[in-house]
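These notes concern the structure reproduced below.
Protein chains: 2
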Amino acid sequence: MKAIVQTEEKVTASLQLQEVPTPTLKPGEVLVQVKAAGINRADLLQTQGNYPVPAGASEILGLECAGVIVEAGDTENEVGQEVACLLTGGGYAEYVAVPQGQLMPIPQGYSFVEAASIVEVACTVWSNIGMLAGLREGQTFLIHGGAGGIGTFAIQMGKALGATVAVTAGSAEKLATCKELGADILINYKEEDFADVLKNKADVILDIIGAKYLTQNVKAMAKDGHMVTIGMQGGVKGELNLGHLLAKRGTISATALRGRDNADKARIVRSTIENMWPLLDSKKISHHIDHTLPLAKAADALQKIQDGTITGKLVLEI
Amino acid sequence: MKAIVQTEEKVTASLQLQEVPTPTLKPGEVLVQVKAAGINRADLLQTQGNYPVPAGASEILGLECAGVIVEAGDTENEVGQEVACLLTGGGYAEYVAVPQGQLMPIPQGYSFVEAASIVEVACTVWSNIGMLAGLREGQTFLIHGGAGGIGTFAIQMGKALGATVAVTAGSAEKLATCKELGADILINYKEEDFADVLKNKADVILDIIGAKYLTQNVKAMAKDGHMVTIGMQGGVKGELNLGHLLAKRGTISATALRGRDNADKARIVRSTIENMWPLLDSKKISHHIDHTLPLAKAADALQKIQDGTITGKLVLEI
Numbered sequence: 001m002k003a004i005v006q007t008e009e010k011v012t013a014s015l016q017l018q019e020v021p022t023p024t025l026k027p028g029e030v031l032v033q034v035k036a037a038g039i040n041r042a043d044l045l046q047t048q049g050n051y052p053v054p055a056g057a058s059e060i061l062g063l064e065c066a067g068v069i070v071e072a073g074d075t076e077n078e079v080g081q082e083v084a085c086l087l088t089g090g091g092y093a094e095y096v097a098v099p100q101g102q103l104m105p106i107p108q109g110y111s112f113v114e115a116a117s118i119v120e121v122a123c124t125v126w127s128n129i130g131m132l133a134g135l136r137e138g139q140t141f142l143i144h145g146g147a148g149g150i151g152t153f154a155i156q157m158g159k160a161l162g163a164t165v166a167v168t169a170g171s172a173e174k175l176a177t178c179k180e181l182g183a184d185i186l187i188n189y190k191e192e193d194f195a196d197v198l199k200n201k202a203d204v205i206l207d208i209i210g211a212k213y214l215t216q217n218v219k220a221m222a223k224d225g226h227m228v229t230i231g232m233q234g235g236v237k238g239e240l241n242l243g244h245l246l247a248k249r250g251t252i253s254a255t256a257l258r259g260r261d262n263a264d265k266a267r268i269v270r271s272t273i274e275n276m277w278p279l280l281d282s283k284k285i286s287h288h289i290d291h292t293l294p295l296a297k298a299a300d301a302l303q304k305i306q307d308g309t310i311t312g313k314l315v316l317e318i
Numbered sequence: 001m002k003a004i005v006q007t008e009e010k011v012t013a014s015l016q017l018q019e020v021p022t023p024t025l026k027p028g029e030v031l032v033q034v035k036a037a038g039i040n041r042a043d044l045l046q047t048q049g050n051y052p053v054p055a056g057a058s059e060i061l062g063l064e065c066a067g068v069i070v071e072a073g074d075t076e077n078e079v080g081q082e083v084a085c086l087l088t089g090g091g092y093a094e095y096v097a098v099p100q101g102q103l104m105p106i107p108q109g110y111s112f113v114e115a116a117s118i119v120e121v122a123c124t125v126w127s128n129i130g131m132l133a134g135l136r137e138g139q140t141f142l143i144h145g146g147a148g149g150i151g152t153f154a155i156q157m158g159k160a161l162g163a164t165v166a167v168t169a170g171s172a173e174k175l176a177t178c179k180e181l182g183a184d185i186l187i188n189y190k191e192e193d194f195a196d197v198l199k200n201k202a203d204v205i206l207d208i209i210g211a212k213y214l215t216q217n218v219k220a221m222a223k224d225g226h227m228v229t230i231g232m233q234g235g236v237k238g239e240l241n242l243g244h245l246l247a248k249r250g251t252i253s254a255t256a257l258r259g260r261d262n263a264d265k266a267r268i269v270r271s272t273i274e275n276m277w278p279l280l281d282s283k284k285i286s287h288h289i290d291h292t293l294p295l296a297k298a299a300d301a302l303q304k305i306q307d308g309t310i311t312g313k314l315v316l317e318i
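Here it is as structure tokens:
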């Protein structure tokens, strides 16, 4: 099969479409012919050598895709079945082996491209905010980077769950996007300190900044608040005042999806289908695709992510 | 009624037995004649001005007691009923008003003194380790200060739940106590770094040290580990490496029982009765009482806590 291969270590531009062996199936896996593969910032980090591939995972990039089952292996799935897939790697290719617990239905009315763009963000946001932090009706939900891929999904999910949604972003234009999606409290971090605006009010915080916001996040936290860090664009080492955290009875988690084992991923996929797919089917949550590119243009796509010129999702079509 | 009153701010020795008004009942409260009142380190901190009394709570010391209901108020409890009580304050007195959700049965075969000594530790350890961190069979449970009042209860609870229990303590004698109670892994923190011994192994950590151990606790944490800080004997401000926490998918909580509202306390009391009382009834968990003193000797009792000469629990008899 053809797949994207990195020919030079740490050089994103060295990605090339090459002939490689088609994956063979392990027990419990199906072979999916990839029709579309979503692109994530983690892919860029991986090409730069900053996101280690978990043991046993494909070296090929790509954490989500949509396509058609061409071999059902020892599973009860059927050849010809159209699926969306949460991957541990391998999506930038014509074929990928997928553990059956990571198969999801294509949401109603979705194209392969649309389906491939939603898997990673839906599983990430739901597993952290729904399953781990337990966001519920009436709570205040603070989202950093509200206008990004994670943020725009999280805003809509928060509103669908009945939360008051607060967002931070760096421009009036980005905040307008957040407002259109339903955000209630709009904070331009260049003009205001979010911790002053939301002092003691945020029941749940979705954080992609890390160290730089740690003290402010604890200040913004409500009693029994829960902050989940899934990105560290603002560094890893911060000062934590446990006394302040204790005064809030607060909780801080930091998580990632990729390193989880198959059973854990299957648990998350099941819960995401149950809780998020109805919101996708009914269009209560939508997702903006910036544009698509052919598989051979993977290096260009990641360069665009690096340049920060993209406002929606990039998807590779195969 | 007679109660212990602090006559000079921040001076523990100024505690005196004085005549004060008997509490009047709010809706949902009962009046308990106190037979025994447990003494906690938090009481000492309160006399020193370092533990603010929650709004609306009694200014009188005392977070746990056992006694007899003498007025049932508007509740369905009965006069004459013997009870143990989780208090927000007021235990160092002849009578105390108690919200009905904070009443507990006297464990089987327990005296008032024994019952008064177990309430705070049982609710604290169970709410944090059972309810919040979800300790379960087969997991590794690290307890700092294994030989203290919290630690000795936690060791026995951990073993009863089927966990492997690791403890830190500062002497061979203290570690021998922990071993007798069932601890599996004994770490003298003066001789070994617990984070080296338990690197990546501790599923649940009960921490009373705070900042000083923060980095080591994250290092000791297993994948999906959960650390709960309930004391900060080693300071409040520490460095948190969110990258290390994310690599573990770890969670850090810091909590306290006293500031919770009545509904929250009732929820904890119910779950503690359901899960811990059978272990007390069957003597799978026991609790060491150092000695008892009369109510008038409260100042002496707290001085002994300050001196650190006590190896078990102190209880006031009324």
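Residue numbers (the UniProt record's numbering), protein chains in the order written: chain C, 1 to 318; chain S, 1 to 318.
For each residue, glycine too, the CB sits at the ideal point set by N, CA and C.
Small disclaimer: the values here were computed from a predicted structure and weren't measured.
- Around residue 28 of chain C, the same chain offers 73, 74, 75, 99, 100, 101 and 262 as residues with beta carbons nearer than 8 Å, after the five sequence neighbours per side are excluded.
- Residue 248 of chain C counts as buried, since no fewer than 16 other beta carbons sit within 10 angstroms of its beta carbon.
- Setting aside the 5 residues that flank it on each side, residue 252 of chain S is surrounded in the same chain by 227, each with a C-beta closer than 6 Å to its C-beta; the list follows chain order.
- The beta-carbon distance between residue 204 of chain S and residue 186 of chain S, rounded to whole angstroms, is 18 Å. This is too long to meet the 8 Å contact definition.
- According to DSSP, residue 169 of chain C shares a beta bridge with C:188.
- For residue 212 of chain C, the closest Cβ of chain S is not nearer than 8 Å.
- Below 8 Å, enough C-beta pairs join the region 29-37 of chain C and the region 83-99 of chain C to call them touching: three or more.
- As computed with DSSP, residue 2 of chain C is found in a beta bridge with C:19.
- The beta carbons of residue 135 of chain C and residue 116 of chain C sit about 26 Å from each other, so the pair does not count as a contact at 8 Å.
- Look at the beta carbons and you see the region 198-214 of chain C touching the region 223-242 of chain C: at least three pairs across the two are nearer than 8 Å.
- Contact of residue 245 of chain S with chain C by beta-carbon distance below 7 Å involves 254.
- Taken atom to atom, the span from the alpha-carbon of residue 65 of chain S to that of residue 237 of chain C is near 44 Å.
- Annotation: Cβ neighbours of residue 229 of chain C in chain S (cutoff 7 Å, chain order): 242 and 246.
- Interface flag for residue 251 of chain C against chain S is set, since a Cβ pair is found closer than 8 Å.
- Distance between residue 196 of chain S and residue 202 of chain S, taken at the CA atoms: about 11 Å.
- Annotation: the continuous alpha helix (DSSP H) that includes residue 242 of chain C extends over 242-248.
- Note that the C-beta distance between residue 177 of chain S and residue 150 of chain S is not below 8 Å.
- Within 8 Å of the CB of residue 232 of chain S, the CB atoms of chain C belong to 242, 243 and 246, in sequence order along the chain.
- Listed along chain C is no residue with a C-beta nearer than 9 Å to that of residue 98 of chain S; the closest approach is about 22 Å.
- For residue 227 of chain C, the uninterrupted beta strand (DSSP E) run begins and ends at 221-229, by DSSP.
- Contact between residue 121 of chain C and residue 153 of chain C holds: their C-beta atoms lie close to 5 Å from each other, under 8 Å.
- In this structure, the beta-carbon distance from residue 106 of chain C to residue 71 of chain C does not fall below 8 Å.
- DSSP places residue 80 of chain S outside both helix and strand once states are collapsed to three, so it counts as coil.
- Listed as beta-bridge partners of residue 252 of chain S by DSSP are C:252 and S:227.
- If you draw a straight line from the Cα of residue 289 of chain S to the Cα of residue 165 of chain C, it comes to about 51 Å.
- In this structure, the CA atom of residue 225 of chain C is about 9 Å from the CA atom of residue 245 of chain C.
- Counting C-beta pairs closer than 8 Å gives fewer than three between the region 297-314 of chain C and the region 39-56 of chain S, which falls short of the contact rule.
- The straight-line gap separating the alpha-carbon atoms of residue 40 of chain S and residue 309 of chain C is approximately 59 Å.
- Residue contact check for residue 239 of chain C against chain S: a CB pair falls below 8 Å.
- Closer than 8 Å to the CB of residue 125 of chain S there is not a single CB belonging to chain C.
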